[in-house]
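Per my numbering, residue 5 is the first one in the sequence shown, and the count goes up by one each step.
Take a look at the structure set out below.
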Amino acid sequence: MYSSLVRLQNTFSFFTTVAFVVAAFIAASDLLAPRTPTVSLLKTTNLQVVRGRPHYYSSKKEEYAIIKFSLEADFSSLFTWNTKQLFVYVTAEWPSAGGTGSGRNATNQAVIWDTIITAPSADHLANIGPVAMKKLKRSAQGKSIDPSRGKLSLKNQRPKYQITHPSGKVAEQEDVVLRLHYNVQPWVGVLTWNQDEEFWKWKPLRGSLSKKFSLPALKKKDEGKKEGSRV
């Protein structure tokens with residue numbers, strides 16, 4: 005009854021119980037820290053639609069939208085001592101043809117840009133170069149959280165991803181908007197995404213939606229050459 009194996013099992017069980025309770029308290033501590041993310045600017049600066057092939061061996065061409073944008077946002081309040089990293093991304097959204105509010109595919113959504121902002125305690129996990137790593141360590145030296153973490157200021161930012169549609173056509177698409185999203189990844193606890201409603205000290209993200217715009221018509225490369233030859 006009191007063999008070494010039984011004692012080892014009891015010790016391990018007690019240790020896991022204590023670890024679980026401590027982890028629960030750490031995760032619950034996030035609720036005590038106010039979250040007040042703000043977006044002061046989100047707008048498009050340049051729109052272009054081009055034709056291209058989805059891969060090298062494809063003979064069929066598709067239309068791709070290239071959306072440049074400017075962004076001013078402050079996510080610094082999302083960084084606490086339990087924050088591992090913050091995932092921020094921008095999507096382009098537009099209604100489907102004939103889609104309804106209750107339809108399954110009522111809205112098309114595609115990511116055009118994303119970034120990962122690590123906390124000082126997780127900088128070693130960031131896939132960055134040695135020079136940028138030295139700057140991060142220097143900025144966070146002697147501080148639990150660097151005040152500049154989470155502040156984004158992008159001007160005429162090029163998209164990381166060109167977007168298209170299963171139909172292969174996106175030119176002259178109307179009612180397109182840009183939307184900013186975030187995902188907080190803690191060291192201990194559950195992942196939390198952008199909020200739509202206020203929850204105690206956590207405020208919803210305001211200003212995360214841009215004004216509606218329309219994608220331009222397909223740019224034809226041969227038009228300028230033809231006009232020049234006629235003259």
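Ideal Cβ positions, reconstructed from N, Cα and C, are used throughout, including at glycine.
From a predicted model like this one, the values you see are computed outputs, not experimental measurements.
Rounded distance between the beta-carbons of residue j and residue i, thought under 8 Å
i	j	result
Ile285	Ile116	Look at the range of the chain in this structure, 5 to 235, and you will see that residue 285 is not part of it.
Gln189	Gln89	5 Å
Lys223	Val54	6 Å
Asp118	Lys155	Going by Cβ atoms, the distance from Asp118 to Lys155 rounds to 17 Å, so no, they are not a contact pair.
Within 9 Å, strictly: CB atoms of residue i and residue j
i	j	result
Gly56	Gln166	yes
Asn86	Ala31	yes
Asp34	Thr84	yes
Ala69	Val174	yes
Gly214	Phe18	A small fix is needed here, since residue 214 is Ser in this sequence, not Gly. No, the pair does not count as a contact, with Cβ atoms beyond the cut-off.
Glu66	Gly172	yes
Arg142	Ala123	no
Pro99	Ala110	yes
Gly46	Ser212	Strictly speaking, residue 46 in this sequence is Leu, with Gly absent from that position. Yes, these two residues count as a Cβ contact at 9 Å.
Pro58	Thr168	yes
Simplified DSSP state of residue i, which is helix, strand or coil
i	result
Gly105	Confidence is the limiting factor: at Gly105 the pLDDT is only 47, short of 50, which leaves the residue's position unreliable and the question unanswerable from this model.
Phe19	helix
Leu75	strand
Ser80	helix
Leu12	helix
Ala28	helix
Lys47	strand
Lys164	coil
Arg153	coil
Ala126	helix
Val192	coil
Ala136	helix
Asp34	helix
Arg55	strand
Lys230	Any reading at Lys230 needs caution, since the residue's pLDDT is 49, under 50, leaving its predicted position unreliable; the model's value is listed next. Of the three classes helix, strand and coil, the one that applies to Lys230 here is helix, per DSSP.
(request) Inspect the CB distances between the region 172-180 and the region 188-205 and report whether three or more fall short of 8 Å. (result) no
(request) Assess, as a yes-or-no matter, whether the region 40-57 is touched by the region 5-14 under the definition of 3 or more beta carbon pairs within less than 8 Å. (result) no
(request) Pair every Cβ in the region 183-192 with every Cβ in the region 84-98, then say whether three or more of these pairs are closer than 8 Å. (result) yes
(message) With three or more beta-carbon pairs closer than 8 Å as the criterion, would you say the region 77-87 touches the region 27-46?
(response) As far as the Cβ criterion goes, the region 77-87 touches the region 27-46, which means the pair count is three or higher.
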